[in-house]
Structure formats: structure tokens, C-alpha cells
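S.K.: Starting off with a structure, shown below.
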Amino acid sequence: MEDAPPYALFKDDGNGHYRTWKPVLGPYTLTATPYPGKDGTGSAGIPLTVSFQFVDSSPAARLSADTEPGCVQVFPNPFRESFQLKGRGQVASKRPVALYDLSGRKVLELSDVQDEQSIDLGPTLASGMYLLQVGQGKAARRYRLVKSK
Numbered sequence: 001m002e003d004a005p006p007y008a009l010f011k012d013d014g015n016g017h018y019r020t021w022k023p024v025l026g027p028y029t030l031t032a033t034p035y036p037g038k039d040g041t042g043s044a045g046i047p048l049t050v051s052f053q054f055v056d057s058s059p060a061a062r063l064s065a066d067t068e069p070g071c072v073q074v075f076p077n078p079f080r081e082s083f084q085l086k087g088r089g090q091v092a093s094k095r096p097v098a099l100y101d102l103s104g105r106k107v108l109e110l111s112d113v114q115d116e117q118s119i120d121l122g123p124t125l126a127s128g129m130y131l132l133q134v135g136q137g138k139a140a141r142r143y144r145l146v147k148s149k
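Taking UniProt numbering, I'd label the letters of the sequence shown as residues 1 to 149.
This is the structure we're talking about:
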């Protein structure tokens with residue numbers, strides 16, 4: 001039971017040294033319930049539950065995914081007025097780009113982007129989530145982007 005920040009799953013040794021937890025791969029659910037009194041006394045507050053998953057992120061797994069043809073890095077994300085595309089792997093043909101809002105409306109279309117290109121959308125595009133499609137047909141890749149103010 002933790003009653004002082006920073007909160008830890010397995011407490012500390014009293015000197016600020018936190019116990020190690022080495023989770024196995026797979027899904028987890030963590031529920032935290034607040035109490036008004038010290039050491040969990042008083043009426044329980046509204047619990048908050050967070051679900052998450054540990055996956056294998058070995059360098060070999062990341063490397064093979066990063067070099068697939070058609071993959072791009074998109075950054076920063078979230079972005080304000082512009083974002084960068086950086087191509088990874090080899091692309092044999094044109095690389096069209098389209099940006100859609102969550103209603104499916106196309107808000108940007110470029111017929112071919114360079115391996116490294118800045119895309120400036122300006123301040124008029126509304127804040128929110130967008131879907132970026134790079135490529136076409138079965139080779140198309142889709143990325144979620146967030147535009148912030």
C-alpha cells in the first residue's frame with residue numbers, strides 16, 4: 001500500500017530504492033483504488049483500471065519492421081502545423097500520400113513525396129486525430145496522427 005508519491009507497484013525499501021519487477025510477455029490489467037485515509041483507511045474512491053501489454057521489442061524485431069518497403073517515420077506526433085516524413089526501405093514506384101479526418105474526408109493529397117519531406121498543413125486544419133495513408137493498394141501503410149493547437 002503506497003500513500004506518498006511517487007507511487008510504486010511493489011513499494012520501496014524505505015530508502016527510495018524500488019524493487020525490480022521483470023514481467024513476462026503478455027496482457028496485464030492494473031487497478032488502483034484511492035482511499036482518503038493513511039494506509040488505505042476510509043471509504044474507497046472510484047477505482048481506475050488500466051490495461052496494457054508487454055511485447056517483445058528486441059532490436060532484431062524492430063529492425064526488420066523498420067526496413068520493410070514503404071515504411072515511413074512520421075514525426076513529430078502530435079504535430080502543430082507540419083510534420084516530417086522519412087522513408088525507410090526501398091520504394092520502386094511513386095509514393096502518394098493522403099490525409100483523412102475521422103469522418104473519412106480527404107483533407108490532403110500529394111501524388112508523390114520524397115524520401116524525406118516536410119508536410120505543412122498550416123494553422124487552419126482543426127485539431128484532432130487524422131489518418132495518414134502512404135502508398136496505394138495493398139502496399140499502402142496507414143498511420144494515426146494527432147494535430148494539436
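Idealized CB from N, CA, C, for every residue including glycine.
From the DSSP output, read off the bridge partner residues of F134.
M.R.: Per the sequence shown, the amino acid found at residue 134 is Val instead of Phe. Answer is V97 and R141.
S.K.: Check for me: the beta strand (DSSP E) holding D120 runs from which residue to which?
M.R.: From DSSP, the beta strand (DSSP E) with D120 extends over E116 to D120.
S.K.: In this structure, how does DSSP classify D13 when only helix, strand and coil are distinguished?
M.R.: Correct three-state label for D13: coil.
S.K.: With distance defined between alpha-carbon atoms, name the residue in H17, P123 and E116 nearest to E81.
M.R.: With distances taken between Cα atoms, E81 lies closest to P123.
S.K.: Helix, strand or coil for G40, going by three-state DSSP, please let me know.
M.R.: G40 falls in the helix class under three-state DSSP.
S.K.: Where does N86 fall in DSSP's three states?
M.R.: Just to set this straight, residue 86 is Lys in the shown sequence, not Asn. The answer is strand: DSSP assigns K86 an E or B state.
S.K.: Which residue or residues does DSSP assign as beta-bridge partners of K106?
M.R.: The partner list for K106 (beta bridge, DSSP) reads Y100.
S.K.: Going straight from the alpha carbon of E109 to that of K147, what length do you get?
M.R.: About 17 Å.
S.K.: Do the CB positions of M129 and L99 come within less than 8 Å of each other?
M.R.: Result no, Cβ atoms of M129 and L99 do not sit closer than 8 Å.
S.K.: So for Y35, helix, strand or coil by DSSP?
M.R.: Coil, per DSSP.
S.K.: Just mark G104 as buried or exposed, buried being the case when its beta carbon has 16 or more other beta carbons within 10 Å.
M.R.: G104 comes out exposed.
S.K.: Given that a residue counts as buried once 16 or more other Cβ atoms are within 10 Å of its Cβ, and exposed if not, what is F79?
M.R.: Buried, since its Cβ has 16 or more Cβ neighbours within 10 Å.
S.K.: Please report the Cβ distance between K86 and E116, rounded to the nearest whole angstrom; I am assuming they are in contact, meaning their Cβ atoms lie under 8 Å.
M.R.: 5 Å between Cβ atoms; contact.
S.K.: For the beta strand (DSSP E) that T49 lies in, which residues bound it at each end?
M.R.: Its beta strand (DSSP E) spans residues L48 to F54.
S.K.: By how many angstroms is the C-alpha of V97 removed from the C-alpha of S118?
M.R.: Roughly 12 Å separates the two Cα atoms.
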